[in-house]
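As C-alpha cells, the structure follows; a few thoughts come after it.
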Amino acid sequence: MENFAVLLRRPAAASIVSLIGVLVFYVFAGVELDKLFGAASWVNYAARIGIVALPVGLLMISGEIDISIGAMIPAGAMTTAIISGHYDLPIVFGILGALAIGVLVGSINGILAVRTSVPPLIITLATLVAMQGVVLAGSRLLTGSASVPLNAPDWAKTIFGNLMFGGSHQVIIVWWVILAVIFWFFMHHTKYGNWIYAIGGDKESARNAGIPVNGMTILLYIMTATAASFVGMCHSILFNSAQVSGGMNDIFNIIVSVVVGGVLLTGGFGSVAGIFVGALTFAIVNKGIDFTAIDRNWSNLIIGIMLLLAVGMNEKFRKLALSHVSKKK
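Residues in the sequence shown are numbered consecutively from 0, following numbering that gives the first Met the number 0.
Right, dumping it as C-alpha cells:
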C-alpha cells in the first residue's frame, strides 16, 4: 500500500493513470489489444511527437513554452531536401543544415525570452508565423515549388529513415528510445535537472542561488527547436520528399502529450518517464480509434476530455507530493 502511495506522488502518475484509462476505454469499445499493440501506426506517431515532446516537456517544467516547433518540423525537412535534393549536395550537408536552423531559431527564441518582457507564448507564436513564411517563401524562391524531392544514400536511410520489422516500424522509434534515456539521465541524475526544477519553481530564487537561469533557458529553447528540425529531417529522408506544411498539425498534439505526461503548465513539476508515457498515451488515443467502430470525428472530443482530466490529475498528484514533503518536515 505504501508503494502505491509513493507511485501516486510521482509526476508520472497522471500519465500512467491516463494510459490505463485509455486502454480500459478501448477494451470496452471492442478493441483487441493484441492487434492494437501489434500495429505500427501509433508507435511511429508516438516516436514522431515523442522526440519533440521530451525537450518541450523540460522547457515547460522550467516554466516556459514553445509553439514554434510546428514550423520547425517542416523547416528541418525542407532544409534537408533543398540542400541535398534540389542542390544535390551530400546528405551530410542537408543534415547539418537542418540541425543548424534548429539551433539558430532556438537561440533567437531563448535570447528573446530572457532579454525581453514579452511572454514566451507570444515570442514563439511570432517565430512560428515567421518561420512558416520563411519556409514557404524560401522554398518558392529557391526551388519554385512547395514540395521538394530527396534521394538519400543508403547509409542515411539506415540511420534516419529505414523501416524495420518487415517494413512497418520506422527507425525513428529507436531514436526516440535512445533520446528518452539520455533526457532521463540528464533530468534526473545530473545537477542540470535540479536547476530546471528550481527555475520552474521560482526563477528569482534560482538566480539568487547561483543557477544560470538565462543560459539554461536558452539551452532548452535550442533543444526544442533542434529536436523538431531533427524529426523533420528524418521524415524527409524516410519519405524521399519534404512539404512546406508537413508537421504543422503536431504543435498542440505535442503539448497535449506533455500535459498528459504529468507536466504542469505553470512549471516546476513533471518527469521524463511521464512525458514518454504521455506521448504513448496520446498516440494510442489518436490512432487507436481507427481500431474501433467509433467515428473518427469524435477523436478530438476524446482528446479534449483526456486533456482536462490530465490537468486535474496533475494538480492533484502535485498536491499529494507537496503534502508528503511538508509532513516529512
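We put the beta carbon where it would ideally sit given N, CA and C, even for glycine. Quantities reported herein were computed from a predicted structural model and do not represent experimental measurements.
Host beta strand (DSSP E) of S146 (start-end):
Taking the first residue of the sequence shown as 1, we reach residue 146 at position 147. Per DSSP, S146 belongs to the beta strand (DSSP E) from 146 to 148.
Specify the secondary structure class of L308 as computed by DSSP and reduced to three states.
Position 309 of the sequence shown, counting from 1, holds the residue named residue 308. In the structure shown, the three-state DSSP call for L308 is helix.
Indicate whether the contact test is met: 3 or more Cβ pairs, each with one atom in the stretch 123 to 138 and one in the stretch 194 to 202, closer than 8 Å.
The answer is no - the stretch 194 to 202 does not touch the stretch 123 to 138, with fewer than three Cβ pairs under 8 Å.
Kindly confirm or deny that the stretch 88 to 99 and the stretch 217 to 235 touch, where touching means at least three C-beta pairs closer than 8 Å.
Taking one beta carbon from each stretch, the stretch 88 to 99 and the stretch 217 to 235 have 3 or more pairs nearer than 8 Å; the two touch.
Sub-8 Å separation of S239 and L103 beta-carbons:
Against the sequence shown, residue 239 aligns to sequence position 240. Against the sequence shown, residue 103 aligns to sequence position 104. The residue asked about is misnamed: residue 239 is Asn in this sequence, not Ser. Not in contact: N239 and L103 (Cβ atoms no closer than 8 Å).
Contact under 8 Å by Cβ, P73 with V147
On the sequence shown, residue 73 is found 74 positions in, with the first residue counted as 1. On the sequence shown, residue 147 is found 148 positions in, with the first residue counted as 1. Between P73 and V147, the C-beta spacing is not below 8 Å.
Between V284 and the rest of its own chain, which residues show a CB-CB distance below 8 Å, the 5 nearest in sequence each way excluded?
Position 285 of the sequence shown, counted from the start, is the residue given in the question as residue 284. Taken in chain order, the residues that qualify are V21, S298, I301, I302, M305.
Three-way DSSP call (helix, strand, coil) for A155 in this model:
Mapped onto the sequence shown, residue 155 falls at position 156. Helix.
Relative to the alpha-carbon of F268, which residue among N193, L141, T216, V117 has its alpha-carbon at the smallest distance?
Residue mapping note: residue 268 aligns to position 269 of the sequence shown, counting from 1. It is N193.
Classify L162 as helix, strand or coil using the three-state DSSP reduction.
Within the sequence shown, residue 162 is the residue found at index 163, counting from 1. The DSSP-derived three-state label of L162 is strand.
Look up A46 in the DSSP assignment and give the residues it is bridged to.
As a first step, residue 46 must be located in the sequence shown, where it is residue number 47. In the DSSP assignment, A46 is bridged to no other residue.
Measure the alpha-carbon distance for T280 versus I274 and round it to whole angstroms.
To locate residue 280, count along the sequence shown from 1; it is residue 281. To locate residue 274, count along the sequence shown from 1; it is residue 275. For the pair T280 and I274, the Cα-to-Cα distance works out to about 10 Å.
Between which two residues does the alpha helix (DSSP H) containing A76 stretch?
Position 77 of the sequence shown holds residue 76. Here the alpha helix (DSSP H) through A76 covers 68 to 80.
Is the stretch 42 to 56 touching the stretch 176 to 190 in the sense that three or more CB pairs, one from each, lie closer than 8 Å?
The way I'd put it, the stretch 176 to 190 does touch the stretch 42 to 56; three or more beta-carbon pairs between them come closer than 8 Å.
DSSP-derived helix/strand/coil call for S14
Here the question's residue 14 lines up with position 15 in the sequence shown. In the structure shown, S14 sits in a helix (DSSP, three-state: H, G or I).
Counting pairs of beta carbons, one from the stretch 150 to 157 and one from the stretch 82 to 92, are three or more of them closer than 8 Å?
Yes, the stretch 150 to 157 touches the stretch 82 to 92.
CB-CB under 8 Å to M130, same chain, minus the five flanking residues each way: which ones, in chain order?
For this step, residue 130 is matched to residue 131 along the sequence shown. The beta carbon of M130 lies closer than 8 Å to those of S67, A70, M71, A74, V104 in the same chain, with the five residues before and after it left out.
Where G245 and A208 are concerned, what is the direct C-alpha to C-alpha distance, given to the nearest angstrom?
To locate residue 245, count along the sequence shown from 1; it is residue 246. To locate residue 208, count along the sequence shown from 1; it is residue 209. Each residue's alpha carbon lies about 43 Å from the other.
Taking A272 as the reference, which of L88, F36, A28, W175 has the closest Cα?
What you label residue 272 is simply residue 273 of the sequence shown in a count that begins at 1. The residue with the shortest Cα to Cα distance from A272 is W175.
Counting beta carbon pairs with one atom in the stretch 158 to 167 and one in the stretch 106 to 117, are three or more of them shorter than 8 Å?
Counting Cβ pairs under 8 Å, fewer than three are found: no touch.
Which same chain residues, not among the five before or five after I158, have their C-beta less than 8 Å away from its C-beta?
Here residue 158 refers to the residue found at position 159 when the sequence shown is read from its first residue. Excluding residues within five positions, the ones whose Cβ falls inside 8 Å are V170.
According to DSSP, is S235 part of a helix, a strand, or is it coil?
The count along the sequence shown starts at 1 and reaches residue 235 at position 236. Note: S235 maps to helix in three-state DSSP.
Quick check on the DSSP output: the alpha helix (DSSP H) that includes A99 runs from which residue to which?
The residue labelled residue 99 in the question sits at position 100 within the sequence shown. 90 to 114 is the extent of the alpha helix (DSSP H) around A99.
Any chance you could list the beta strand (DSSP E) runs of at least 3 consecutive residues sitting entirely within the stretch 238 to 312, in chain order?
Runs of the beta strand (DSSP E) inside the stretch 238 to 312: 240 to 242.
Any 3 or more C-beta pairs closer than 8 Å across the stretch 33 to 45 and the stretch 211 to 220
The answer is no - the stretch 211 to 220 does not touch the stretch 33 to 45, with fewer than three Cβ pairs under 8 Å.
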